[in-house]
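Student: Take this structure, written in structure tokens, and hold onto it; I'll ask about it next.
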Amino acid sequence: MTPLHHYLVFAALLFSIGLAGALTRRNAILVLIGIELMLNAANLNFIAFWRYSANANELTGIMFVIFSIGIAAAEAAVGLAIVIAIYRHYRTTQLQNVDNLKG
Amino acid sequence: MPTNAPMPIAFFVLAGVTLVSAICAMSLRNLVHCGLCLALTFAGLATIYLQLGAEFVGLAQILVYVGAVAILIVFTILLTRNAEVHISPVSRSWMVGLAVAIIVCASLVLPIFQSPSLHRTPIMTPDATVRLIGEKLMTQYVIPLEAIALVLTAALLGAVVIAMRDEPEEKTKQMMEPPRRGGAKPELDPPRLSIPAVETRQ
Numbered sequence: 005m006t007p008l009h010h011y012l013v014f015a016a017l018l019f020s021i022g023l024a025g026a027l028t029r030r031n032a033i034l035v036l037i038g039i040e041l042m043l044n045a046a047n048l049n050f051i052a053f054w055r056y057s058a059n060a061n062e063l064t065g066i067m068f069v070i071f072s073i074g075i076a077a078a079e080a081a082v083g084l085a086i087v088i089a090i091y092r093h094y095r096t097t098q099l100q101n102v103d104n105l106k107g
Numbered sequence: 152m153p154t155n156a157p158m159p160i161a162f163f164v165l166a167g168v169t170l171v172s173a174i175c176a177m178s179l180r181n182l183v184h185c186g187l188c189l190a191l192t193f194a195g196l197a198t199i200y201l202q203l204g205a206e207f208v209g210l211a212q213i214l215v216y217v218g219a220v221a222i223l224i225v226f227t228i229l230l231t232r233n234a235e236v237h238i239s240p241v242s243r244s245w246m247v248g249l250a251v252a253i254i255v256c257a258s259l260v261l262p263i264f265q266s267p268s269l270h271r272t273p274i275m276t277p278d279a280t281v282r283l284i285g286e287k288l289m290t291q292y293v294i295p296l297e298a299i300a301l302v303l304t305a306a307l308l309g310a311v312v313i314a315m316r317d318e319p320e321e322k323t324k325q326m327m328e329p330p331r332r333g334g335a336k337p338e339l340d341p342p343r344l345s346i347p348a349v350e351t352r353q
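Chains as they are written, first to last, in the numbering used here: chain A, 5 to 107; chain B, 152 to 353.
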């Protein structure tokens with residue numbers, strides 16, 4: 005079976021891709037996509053460490069990932085609602101144009 | 152557990168597809184393509200979960216991420232009529248962001264390769280049946296379960312309230328039409344590009 009560090013390196017690469025996207029793209033939706041990728045990389049780490057641990061029957065990693073998926077779903081819903089509200093107000097989702105607090 | 156040789160090949164194929172689609176999701180011009188590549192990334196991650204023996208999490212990943220989050224993102228992209236996006240030229244902030252990401256990647260990957268305890272194979276085969284997960288959720292993890300139910304309810308209400316229109320008389324039209332403010336911002340709508348027009352432009 006695949007050694008553990010393959011999964012960890014893969015998760016690190018996925019996290020870096022999400023981070024690069026969240027830092028470089030100017031669109032609010034793409035920043036949210038980057039954050040989702042980072043969350044998924046963290047979930048993959050939880051699952052990999054759970055699978056390779058000596059006490060895997062406790063299912064701790066799986067429980068953590070289930071709750072993390074729930075949180076991520078809530079975050080995506082609220083984040084996209086905020087994007088829609090911003091678009092309605094500023095007629096754009098480009099983050100560099102959304103630069104004043106007083107609407 | 153030196154049982155089967157083809158497992159790493161399957162892992163490399165799945166990981167490669169997932170990474171390539173993640174890069175596409177973060178770098179393509181057309182936002183709709185980005186959303187669909189994101190769905191492919193989530194599906195690839197779900198297959199990796201399945202390969203790791205976490206069947207319930209893999210299926211939950213497909214249900215929640217591919218089924219809900221990716222579709223929600225595509226809907227938002229279409230609702231904001233923002234399918235075409237101008238890639239910003241290679242600017243200073245772009246370089247800084249990429250450099251930060253590369254530094255973070257290196258600082259994660261180098262310790263992984265240097266740590267000998269991480270080069271291990273699975274010790275045991277856990278039985279993560281749905282029955283066991285359900286029992287644990289109802290006994291040991293019941294308070295987190297209730298907390299996440301509360302969080303999800305609050306997020307549902309919050310999302311509806313935030314995305315709701317301010318003007319009450321236009322409440323019925325809020326889901327049907329693209330947002331169009333009457334007097335608040337008299338500027339014109341952004342040019343409406345259909346998808347084929349975007350594709351010919353590239």
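Positions of the beta carbon are idealized from the N, C-alpha and C atoms, including for glycine.
Identify whether A:Q98 lies in helix, strand or coil by the three-state DSSP scheme.
Tutor: The answer is strand: DSSP assigns A:Q98 an E or B state.
Student: Going by CA-CA distance only, name the one from B:A298, B:V302, B:M275, B:I294 that's closest to A:E62.
Tutor: For A:E62, the nearest C-alpha among the options comes from B:M275.
Student: Please list, in chain order, all residues of the same chain as B:A197 whose beta carbon is under 6 angstroms from its beta carbon, the five residues on each side excluded.
Tutor: The residues are G209, Q212, I213.
Student: Helix, strand or coil for A:N59 per DSSP?
Tutor: If DSSP states are grouped into helix, strand and coil, A:N59 belongs with coil.
Student: Can the beta-carbon of A:R55 be found less than 9 angstroms from the beta-carbon of A:Q98?
Tutor: No, the pair does not count as a contact, with Cβ atoms beyond the cut-off.
Student: Could you list which residues in chain C have their beta carbon closer than 9 angstroms to that of B:I313, in chain order?
Tutor: Chain labels in this structure do not include chain C; the protein chains are A and B.
Student: Can you pull the chain B residues whose beta carbon is under 7 angstroms from the beta carbon of A:A78, in chain order?
Tutor: What A:A78 touches in chain B: V302, L303, A306.
Student: Taking all protein chains shown into account, do 16 or more other C-beta atoms lie within 10 angstroms of the C-beta of B:S244, making it buried, or fewer, making it exposed?
Tutor: Per the 10 Å Cβ criterion, exposed.
Student: Can you tell me the Cβ-Cβ gap for B:M177 and A:L34, rounded? I've got them flagged as a contact below 8 angstroms.
Tutor: That pair is a contact at about 7 angstroms.
Student: Are there 16 or more other CB atoms within 10 angstroms of the CB of B:G218, so buried, or fewer, so exposed?
Tutor: Exposed is the call here.
Student: Interface residues of chain A around B:C175 at Cβ under 8 angstroms?
Tutor: Under the 8 angstroms cutoff, chain A gives no residues; its nearest Cβ is about 10 angstroms from B:C175.
Student: Does DSSP put B:T351 in a helix, in a strand, or in coil?
Tutor: Because B:T351 sits at a pLDDT of 42, beneath the cut-off of 50, its placement in the model cannot be relied upon, and the point is left open.
Student: Between B:E206 and B:A161, is the Cβ-Cβ spacing less than 9 angstroms?
Tutor: It is not a contact, given that the beta carbons lie outside the stated cut-off.
Student: Under 9 angstroms between C-beta atoms, does A:V13 make it to chain B?
Tutor: Yes, because at least one Cβ of chain B sits closer than 9 angstroms to the Cβ of A:V13.
Student: With 9 angstroms set as the bound, which would you pick, yes or no: does the beta-carbon of B:V349 sit closer than that to a beta-carbon of chain A?
Tutor: Residue confidence is low: B:V349 scores 43 on pLDDT, short of 50, so the model does not pin down where it sits. Its coordinate-derived value is still stated next. Chain A contact via Cβ: absent.
Student: Are the segment 281-298 of chain B and the segment 60-75 of chain A touching by the rule of at least three beta carbon pairs closer than 8 angstroms?
Tutor: Cβ pair count under 8 angstroms is three or more, so yes.
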